[in-house]
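J.: At position 62 of the sequence shown (counting the first as 1) the number is 62 in the UniProt record's numbering, and the numbers step up by one without a gap. Pasting in a structure now, in structure tokens, and then I'll have a few things to ask.
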Amino acid sequence: MATMKRGYVLHHRPFRESSVIVNLLIEGVGRVDAITRVGTGKRSIKSILQPFQPLIVQFSAQSEAKSLGLKNITQIESAAPAMPLTGNSLYSGFYLNELLVRLLSVEHQAEGLFIEYHRALMSLAKGFCSSHLRYFEMALLLELGAFPSLNYDTLGNALDPDCYYRFIPQSGFLPVVQSRESNLLHGKGCLTGAMLLALASQNLQIDQLNQAKGLMRYLLTPLLGNKPLLSRQLFAKNAQ
1 MATMKRGYVL
11 HHRPFRESSV
21 IVNLLIEGVG
31 RVDAITRVGT
41 GKRSIKSILQ
51 PFQPLIVQFS
61 AQSEAKSLGL
71 KNITQIESAA
81 PAMPLTGNSL
91 YSGFYLNELL
101 VRLLSVEHQA
111 EGLFIEYHRA
121 LMSLAKGFCS
131 SHLRYFEMAL
141 LLELGAFPSL
151 NYDTLGNALD
161 PDCYYRFIPQ
171 SGFLPVVQSR
181 ESNLLHGKGC
191 LTGAMLLALA
201 SQNLQIDQLN
211 QAKGLMRYLL
221 TPLLGNKPLL
231 SRQLFAKNAQ
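Written as structure tokens, this is what we have:
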């Protein structure tokens with residue numbers, strides 16, 4: 001007998017008259033795309049098929065769903081109240097969902113991402129800070145094999161909090177020569193060792209957030225391609 005697993009809805013869309021196709025993130029499994037009947041009246045599950053609603057889900061492999069490359073949801077229930085996300089935290093949650101739908105394929109199971117996602121939502125529910133986004137982006141990039149080492153630089157030396165680095169694709173972080181008189185320290189693609197080490201330990205400080213954001217944007221861009229993220233546009237529109 002199939003067991004119930006914890007999960008979250010990332011996105012859903014209509015499928016035929018009374019069903020929807022749901023993209024889910026499932027604990028111990030990863031991304032799962034499935035079909036479920038929505039139902040009507042008191043039996044309707046529309047109210048729980050929403051983002052940021054903790055769920056417990058059971059699947060089967062019925063012939064119709066399997067022929068479409070999908071699972072079939074046989075049982076789905078609310079596991080807890082929905083995460084109370086509002087304002088920037090809500091837009092951030094949509095951003096995380098869009099990243100997962102865009103970058104995580106069904107073939108890539110990504111078992112550990114459920115805990116990272118759940119932790120990010122809980123942190124955002126307590127209050128918005130962009131550091132929560134950076135930590136989840138790092139976990140996702142690590143899962144996809146697209147995040148450089150935060151232990152050693154390109155020369156094989158441990159990262160130095162007092163050094164400055166330039167990111168070299170396919171190689172990692174290259175230490176750069178710098179001096180107090182040089183403007184090289186003030187941008188120009190340079191990252192502080194202190195920020196990189198704080199990112200690794202998930203202890204970013206306020207003055208390090210912009211650097212971390214720039215690094216993540218740079219790393220995510222090749223994976224996302226030219227199609228813009230709708231959640232970023234929503235965030236920018238409501239920030240004005």
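Using N, Cα and C, we set each Cβ at its ideal position, and we do this for glycine too.
Please report the distance separating the alpha-carbon of E77 from that of R6.
T.: Within the sequence shown, the letter at position 77 stands for residue 77. Within the sequence shown, the letter at position 6 stands for residue 6. Near 10 Å, if we compare the C-alpha coordinates of R6 and E77.
J.: Which of the three DSSP states, helix, strand or coil, is assigned to N97?
T.: Position 97 of the sequence shown holds residue 97. Correct three-state label for N97: helix.
J.: Assign D153 to buried or exposed, taking buried as 16 or more other Cβ atoms, counted over all protein chains shown, within 10 Å of its Cβ.
T.: The sequence position of residue 153 within the sequence shown is 153, counting from 1. It counts as buried.
J.: Under 6 Å Cβ to Cβ from L220, same chain only, skipping five residues before and after it: list those, please.
T.: To locate residue 220, count along the sequence shown from 1; it is residue 220. Excluding sequence neighbours, L220 sits near nothing in its chain.
J.: With E77 as the anchor, note down where its beta strand (DSSP E) starts and where it stops.
T.: Residue 77 sits at position 77 when you count from the first residue of the sequence shown. Run containing E77: 71-78, per the beta strand (DSSP E) assignment.
J.: Could you round the C-beta distance between L85 and F136 to whole angstroms and report it? I think they count as a contact, below 8 Å.
T.: Within the sequence shown, numbered from 1, the residue matching residue 85 stands at position 85. Within the sequence shown, numbered from 1, the residue matching residue 136 stands at position 136. Not really, about 14 Å apart at Cβ, beyond 8 Å.
J.: Looking only at its chain, what residues have a beta carbon closer than 6 Å to the beta carbon of R13, apart from the 5 residues adjacent to it on each side?
T.: Here the question's residue 13 lines up with position 13 in the sequence shown. Excluding positions up to five away in sequence, the list reads I21.
J.: Near A146, what residues of its chain come up, given a Cβ to Cβ distance below 7 Å and the 5 sequence neighbours on each side ignored?
T.: One-based indexing of the sequence shown puts residue 146 at position 146. Result list for A146: L219, L223, in chain order.
J.: Taking the alpha-carbon positions, what's the G93 to L140 distance?
T.: Translated into the one-based positions of the sequence shown, residue 93 becomes position 93. Translated into the one-based positions of the sequence shown, residue 140 becomes position 140. Distance between the alpha carbons of G93 and L140: 14 Å.
J.: Which residues mark the beginning and the end of the alpha helix (DSSP H) in which I115 is found?
T.: Locating residue 115 in the sequence shown gives position 115, where the first residue counts as 1. Looking at the DSSP string, the run of the alpha helix (DSSP H) that includes I115 is 113-126.
J.: May I ask you to report which of helix, strand or coil DSSP gives H132?
T.: Along the sequence shown, read from residue 1 onward, the residue named residue 132 stands at position 132. H132 falls in the helix class under three-state DSSP.
J.: So P161 and G193 are in contact, right, with Cβ under 8 Å, and what is the actual spacing, rounded?
T.: As a position in the sequence shown, residue 161 is number 161, starting the count at 1. As a position in the sequence shown, residue 193 is number 193, starting the count at 1. Right, the Cβ-Cβ distance comes to about 5 Å (below 8 Å), so this counts as a contact.
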